[in-house]
Every structure is written in structure tokens, then in C-alpha cells.
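Counting from 1, one number per residue, gives the positions in the sequence shown under the UniProt record's numbering.
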Amino acid sequence: MAIMFSEFERQLCYWLTGDEPPPVNEDKVRELAAVWRSHAGRLRRLRVDARAAVEGIRSSGFAGASERAFAARMAPFVDGPSNYLDAAADHFDAMADALDQIAMEVEFLKLVVLIQLALLA
1 MAIMFSEFER
11 QLCYWLTGDE
21 PPPVNEDKVR
31 ELAAVWRSHA
41 GRLRRLRVDA
51 RAAVEGIRSS
61 GFAGASERAF
71 AARMAPFVDG
81 PSNYLDAAAD
91 HFDAMADALD
101 QIAMEVEFLK
111 LVVLIQLALL
121 A
């Protein structure tokens, strides 16, 4: 559960401790991280489906210029260890990790402010 401060409580914390709790809902940031992770998984599944489509066209016996053009255009997206879709999914996961880190730091800062207030009491 997120620790939220009203504007009055935020100003009071600032005047008493010199620290102002961040006005961020860490639970919402974690939800956002989960969405980024979900989309990373969807991109990875898309690569598998797109690769199957490309392989299906390559093995269909159709050997025209359009087949070669399609395979050439799609190759960077689905072929090799550094294909575009997996790279994008990795970046989505990195963004999710960063958002989780931000949520943890926001929660930590709020707890620090609360502990400072408790020590003053």
C-alpha cells in the first residue's frame, strides 16, 4: 500500500525535517513496471510468430522477387541473436527494472521522512 502525504503533511515534513516526501504513488509506478514487462513478453511472442510466418513464406516454394524482398525486410526483426524485436523487449524489461527501482527509492524516501518525524516526537 502506498504511503501518501497530503500537501499540508508534505509542507510540515519539509519545515520539521528539511525533507519533503516525493509526491509519487509507488504502487502506481510498480503497476507501470508490470505493464512494461507484459509488453516485453508480447514482443518476444510476436518475434516467434513473425519468424514462423517468414519461415513459412521461405519454405512455400514461392521464390519471386517479392518473397526475397519480404524475407530481406523481415530478417533484422526476427533473425539472429540481436534481432529488433528481442532488442526492443530487452529495452522494455530494462525500463520495467528502472521503474521498480524508482518505486523502491520513493518508498525508501517516504520511510526516511516518517522515521525522521518519529525521532522528533
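Even glycine gets a Cβ: it sits at the ideal position worked out from N, Cα and C.
*Tell me whether Gly-41 sits in a helix, a strand or coil according to DSSP, three-state version.*
helix
*asked:* Check for me: the alpha helix (DSSP H) holding Val-78 runs from which residue to which?
replied: 65-78
*Would you kindly report the start and end of the unbroken alpha helix (DSSP H) that includes Asp-93?*
84-120
*Would you call Phe-92 buried or exposed, if buried means 16 or more other Cβ atoms sit within 10 Å of its Cβ?*
Phe-92 should be labelled buried.
*Which whole-angstrom value describes the C-beta separation of Leu-12 and Leu-43, a residue pair presumed to lie in contact below a C-beta threshold of 8 Å?*
That pair is no contact at about 45 Å.
*Reference Met-1; option with closest CA among Leu-111, Ile-115, Leu-117*: Leu-111
*Closest to Leu-99 by CA distance: which of Glu-55, Leu-114, Asn-25 is it?*
Of the candidates Glu-55, Leu-114, Asn-25, Asn-25 places its Cα closest to the Cα of Leu-99.
_Continuous alpha helix (DSSP H) stretch holding Phe-5: start and end_ = Neither: Phe-5 is in no alpha helix (DSSP H) and is coded neither H nor E.
*Are Ala-103 and Val-48 closer than 8 Å when you measure CB to CB?*
no
*Whole-angstrom distance between Thr-17 and Glu-7, CA atom to CA atom*: 15 Å
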